[in-house]
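Asker: All the letters of the sequence shown, read from the start, carry residue numbers -25 to -1, 1 to 560 under mature numbering (1 follows the signal peptide of the UniProt record, and there is no 0).
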Amino acid sequence: MVQTKCLAVLFLITVTATWQQQADAWPHRRQLVSSSTSDLHSLPSLRDEEGASGRHEMSVGSIPQPQPMPKNTSPTHVTSWKRRLLGEVDIPVYSELLTYLDAMEQQQPVDCKAAVRNQSRPTPADLGLQTLDTMQELDTLPARIAFINLLADQMCSNSSSNSNSSSNGNNSSNSTGNSSSNSTPAGTTRVAMFTMWYGNLWGLRRSLLPWMQWHLQLGVCRFYLAFQGRDTEAFAALNQISPSLLHLILFAPPFGSPDAVQKYREAAATHEWGVRPGNWRMMFKQSHGGDIAFALAREEGFQWMAHLDVDELLVPETTLAAGLASTPPWVAWLHVLNHEALVEAEGVVNKFEEVTLFKTHGSVLPDKATDLQYRLRLGTHGNNYQLYYNGKAIGRTDKGPIRMFGVHDFTGPRNAIWKHPQHNPDGEFRAQNASFLLLHLQYSSWTDMLGKARSSCPPEYRAAAAAGNRTKVKECFCLDFDLNAYMAAVQGPQAARELWLATSLWSEGAVRRDGEKCRVYGNVTQLTSLMLRDGLLKRITGPRLVLRAHEIAIRGIARGMGIRVGEGPEKVRVEGRGGEGTVAD
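#1: Tell me, to the nearest whole angstrom, how far the beta carbon of residue 279 is from that of residue 163; I am working on the premise that it is less than 8 Å.
#2: Within 10 angstroms of the Cβ of residue 70, are there 16 or more other Cβ atoms? Answer buried if so, exposed if not.
#3: Applying the criterion that 16 or more other CB atoms from any shown protein chain within 10 Å of the CB defines a buried residue, is residue 128 buried or exposed?
#4: Would you call the region 349 to 357 in contact with the region 475 to 492, where contact means no fewer than 3 C-beta pairs closer than 8 Å?
#5: Going by beta carbon distance, what residues of the same chain come within less than 6 Å of residue 39, once the five residues before and after it are set aside?
#6: Leaving aside the five residues before and after residue 184 along the sequence, list all residues of the same chain whose C-beta is less than 7 Å from its C-beta, in chain order.
#7: Taking DSSP as the reference, what is the three-state secondary structure of residue 332?
#8: Following a CB-centred definition, is residue 449 positioned closer than 6 Å to any heavy atom of the ligand SAH?
#9: Return helix, strand or coil for residue 19, following the three-state DSSP convention.
#10: Buried or exposed: where does residue 8 fall if 16 or more other Cβ atoms within 10 Å of its Cβ makes it buried?
#11: For residue 563, which three-state DSSP category applies?
#12: Given a cut-off of 7 Å on the beta-carbon distance, is the pair residue 514 and residue 507 in contact?
#13: Starting from residue 315, follow its DSSP beta bridges and name the residues at the other end.
#14: Note down, one range per segment and in chain order, each alpha helix (DSSP H) of at least 4 residues found wholly within the region 174 to 222.
#15: Does DSSP put residue 407 in a helix, in a strand, or in coil?
#16: Name the residue from 498, 440, 191 and 126 whose alpha carbon lies nearest to the alpha carbon of residue 295.
#17: Shortest alpha-carbon distance to residue 107 belongs to which of 539, 526, 336 and 445?
#18: Could you check whether the region 408 to 424 touches the region 306 to 322, counting it as contact only if at least three pairs of C-beta atoms, one from each stretch, sit closer than 8 Å?
#19: Is residue 153 helix, strand or coil by DSSP?
#20: Buried or exposed for residue 275, going by 16 or more other Cβ atoms inside 10 Å?
#21: With contact counted as at least three CB pairs below 8 Å, one residue from each stretch, are the region 425 to 435 and the region 339 to 347 in contact?
#22: Contact defined as beta carbons within less than 8 Å: I believe residue 277 pairs with residue 167. What is the distance between those atoms, to the nearest angstrom?
#23: Suppose contacts are defined by Cβ-Cβ distances below 7 Å. Is residue 282 in contact with residue 368 by that definition?
#24: Whole angstroms are fine: how far does the CA of residue 503 sit from the CA of residue 512?
#25: Pull up the distance between the alpha-carbon of residue 204 and that of residue 216, whole angstroms please.
#26: Only counting the same chain, and skipping five residues up and downstream in sequence, which positions put a Cβ closer than 8 Å to that of residue 571?
#27: Would you call the CB atoms of residue 221 and residue 198 closer than 7 Å?
#28: By how many angstroms is the C-alpha of residue 510 removed from the C-alpha of residue 339?
#29: Going by alpha carbons, who is nearest to residue 114 out of 251, 179 and 85?
#30: Starting from the Cα of residue 77, find the closest Cα among 500, 537, 291 and 496 and give me that residue.
#31: According to DSSP, simplified to helix, strand and coil, what is residue 381?
#32: Once the 5 residues before and after residue 594 are set aside, which same chain residues still bring their CB inside 6 Å of it?
#33: Locate the beta strand (DSSP E) running through residue 287, then write down its first and last residues.
#34: Let me know if residue 207 comes out buried or exposed under the rule of 16 or more other beta-carbons within 10 Å of its beta-carbon.
#35: Who are the Cβ neighbours of residue 288 in its own chain at under 8 Å, not counting the five residues just before and after it?
#36: Beta carbon of residue 210, beta carbon of residue 230: below 7 Å?
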């Protein structure tokens, strides 16, 4: 009997230890092991950390942060990663991926450019991702604007109200003016969204309107748009969108008032980013416009406001309202992890329908999986993520003070409203990770890369880029991938296409740079299936399905307006940052 009891106790100890060991392999293991801790779900308040890598700008705000790289990429250290993965990832789901990588790393390295020339280049149609909306015409724009106004009326108005869903009135303000209030149904979570956009009619057609449609379908009932464009046709079209849905924030010529323009210039002159070119100045404009949007959202009675770009989509776990409603009252804002697009086809035009594969953010994977992600990086870029890794933010606007802290985070003072005796006794401005996703559809085609890069730097930097002066051009950029894209764009469309193919296309024969040479991915279809199974990739089709349903409704409205719905002559157009719309040469 004593022996039986001892064996039972030993069994329980073994099971408990194994469970504890597996729980410790997850990033949020404290939530599994000890749910009574005061920092459950919470992120620390933002502050400078001496010596923290990549945080040198925290005094003025958050900047795009690249994915952390292993500090040592020597062959010896790579071998140690394998040992760590084999020995320390307790849930053995990665064995087939490790076998694949071991075989790949036995390959003889090859010339990168030669390998990329042999890479498969499927079209979206080849992959079964044909679009319902090919985005090759502007004739249906009136129907698209009528649809978004109708959708706003259905999604955001009380059943008894009759909001103006086809207003021709001006819905703009010069920095701080009021606009028509939004009649969100009583009892619902009132959510607003801020973005900054430069664009023409092609950018409106291909980027801004689909982006608004998706988020409106989720329940975002107010959009604050800092319009930085100069296109009069685009400005007129924006003013056809219901003023209860869209509010234009104008502080740039030619549409901003002299007072608003002067206020912006005075603020920029005293800020570190405002006096620097390129991405730095753009981030200051976003911060300036976002703070104006926060004031408007608070004044108009919204509870939450997100800051996103028009190539980013929120995807809730269930509904956006449910995800926000579950936020503890002592949390001031939510940090939304970004999952970066992995483009599988060349020739993408409608990124919302044609891009469905995304890299999983390392923070939601077991410990050590980020080492595996690094080994599965794509192309000649030196990291798994091309652009930023530090997510975006959505914050409360109906409680304590809140403002932009760079373009990725929000900040605010300590406030009694955030106090909780256990979880936040000092009333700090706390954040936690959101339960929903952020999809980042960056550089979905080489024409997209070409257009964005062309508008990233002032004209005087083109000569430096043409001469190969990376040090000078670096003044414009936070991230190396954007810098490389600009350098290629200055060389012309062919150079931009070659860079995009070498860094961004995930297809049979894609490459991974190792030193000065590359190794080649084979059997990519099976490898993708393994990465999806093991959680390193996500297949997200919700936006595609919703926007295809919207397209059917838009076509019905167009026919009712007497607009011919059909395919016009196909043109390759470069959108630029939001849509300059120049024809690619």
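Quick reminder that beta carbons are idealized off the backbone N, C-alpha and C, glycines included. Every value quoted in this text rests on a predicted model; they were computed, and no experiment measured them.
Answerer: Reading from the atomic positions:
#1: Taking 8 Å as the upper bound for CB-CB distance, residue 279 and residue 163 are not in contact here, some 11 Å apart.
#2: Exposed is the call here.
#3: Burial state of residue 128 is buried, judged by a 10 Å Cβ sphere holding 16 or more other Cβ atoms.
#4: Yes: at least three Cβ pairs fall under 8 Å.
#5: Excluding sequence neighbours, residue 39 sits near 363, 453 and 454.
#6: Exclusion of the five residues before and after residue 184 leaves 119 and 123 as the residues of its chain whose Cβ lies within less than 7 Å of its Cβ.
#7: It is a strand residue.
#8: Among the ligands in the structure shown, none appear at all, so the ligand SAH cannot be discussed.
#9: Because residue 19 carries a pLDDT of 40, less than 50, the predicted location of this residue cannot be relied on, and the following value inherits that uncertainty. Reduced to three states, the DSSP call for residue 19 is coil.
#10: Unreliable placement is indicated for residue 8, whose pLDDT of 27 sits below 50; no coordinate value is reported for it.
#11: Nothing can be reported for residue 563: it is not among the residues displayed for the chain, which extend from -25 to 560.
#12: Against a cut-off of 7 Å, the Cβ pair of residue 507 and residue 514 comes out as a contact.
#13: DSSP output for residue 315 lists 415 as bridge partner(s).
#14: Contiguous alpha helix (DSSP H) elements confined to the region 174 to 222 occur at 184 to 193 and 207 to 213, taking only those with 4 or more residues.
#15: DSSP places residue 407 within a strand segment (E or B) once states are collapsed to three.
#16: Among 498, 440, 191 and 126, the Cα nearest to that of residue 295 belongs to 191.
#17: Taking each of 539, 526, 336 and 445 in turn and checking the Cα distance to residue 107, the smallest one comes out for 526.
#18: Touching, per the Cβ criterion.
#19: Low local confidence applies: a pLDDT of 43 at residue 153 is under 50, so the model's placement there is unreliable, with the coordinate-based value given in what follows. Coil at residue 153, not helix or strand.
#20: Using a 10 angstroms sphere on the CB of residue 275, the tally of other CB atoms reaches 16 or more, which defines it as buried.
#21: The answer is no - the region 339 to 347 does not touch the region 425 to 435, with fewer than three Cβ pairs under 8 Å.
#22: Going by Cβ atoms, the distance from residue 277 to residue 167 rounds to 4 Å, so yes, they are a contact pair.
#23: At the C-beta level, residue 282 and residue 368 come within 7 Å of one another.
#24: Roughly 8 Å separates the two Cα atoms.
#25: If you take the alpha carbons of residue 204 and residue 216, they lie about 17 Å apart.
#26: A query on residue 571 cannot be resolved here, the shown segment of the chain reaching from -25 to 560 and no further.
#27: The answer is yes: Cβ separation under 7 Å.
#28: Those two C-alpha atoms are separated by around 9 Å.
#29: Ranking 251, 179 and 85 by Cα distance to residue 114 puts 179 first.
#30: When 500, 537, 291 and 496 are compared, the shortest CA-CA separation from residue 77 is found for 496.
#31: Strand, per DSSP.
#32: Nothing about residue 594 can be read from this structure; the chain reaches only from -25 to 560.
#33: Here the beta strand (DSSP E) through residue 287 covers 287 to 290.
#34: Residue burial annotation: residue 207 is exposed, with fewer than 16 other C-beta atoms found within 10 angstroms of its C-beta.
#35: Cβ contact annotation for residue 288 (same chain, cutoff 8 Å, sequence separation greater than five): 186, 189, 190, 327, 413, 414, 416 and 518, in chain order.
#36: Annotated as proximal: residue 210 and residue 230, with beta-carbon spacing under 7 Å.
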